[in-house]
Amino acid sequence: MKFIKFGDIIIFIFIIAFSFFYAKRLIENNNDSKIIIESSNKSLRFDLNNEREIIIEGLLGESKILIKNNNVKFLESPCRDKLCVKAGILKNAPLICMPNGIIIRFENNFEDDIEIDSIVQ
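251 is the number of the first residue of the sequence shown in this note's numbering; add one for each residue after it.
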């Protein structure tokens, strides 16, 4: 039967402490999330921590967007099917209102690191 040594305990404590610090960092980074709302004529950047209602002009008319409780969603849109409103809150994929030409996406802080593999013409 093997006994637990002092070095094993130190390694175990280090792994637990690192896990807590890493989880805390992930939570803090999530709270600092920014979104970008793009329309046919402008691009706007907003912080998810500030609650607000945004009206943005698209190709068909005005769309109303709500930022609340660190979430963002379409409230109203002049498009016919209202798929953007039915989509709910922004999670992993962008929210897109194709007929009105509005895209809501998370800001990607690593855009400068992206390399282009190829260009198709």
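For glycine and all other residues, C-beta sits at the position ideal for the given N, C-alpha and C. Every value quoted in this text rests on a predicted model; they were computed, and no experiment measured them.
field: Cβ neighbour criterion (16 or more within 10 Å) applied to N291
entry: exposed
query: Mapping DSSP to helix, strand and coil, what is C334?
result: helix
field: Outcome for S293 when other beta-carbon atoms lying within 10 angstroms are tallied against a minimum of 16
entry: Its Cβ having fewer than 16 others within 10 Å, S293 is exposed.
- prompt: Do the stretch 309-325 and the stretch 347-357 touch if we need at least three Cβ pairs shorter than 8 Å?
  reply: yes
message: Check for me: the beta strand (DSSP E) holding I306 runs from which residue to which?
response: R302 to E307
- prompt: Can you tell me the Cα-Cα spacing of D363 and E357, whole angstroms?
  reply: Residue placement at D363 cannot be trusted, given a pLDDT of 49 that sits under 50; the coordinates are not used to answer.
- request: Tell me whether L325 is buried or exposed, calling it buried when 16 or more other Cβ atoms sit within 10 Å of its Cβ.
  value: exposed
- prompt: Using the C-alpha atoms, what's the distance from K323 back to G338?
  reply: 6 Å
- request: Ignore the nearest five residues each way along the sequence and tell me which others in P344's own chain have a CB closer than 7 Å to its CB.
  value: Sequence-distant Cβ neighbours of P344 in its own chain, meaning closer than 7 Å and more than five residues away, are I353, I354 and R355.
- request: Reducing DSSP to helix, strand and coil, say where F268 ends up.
  value: helix
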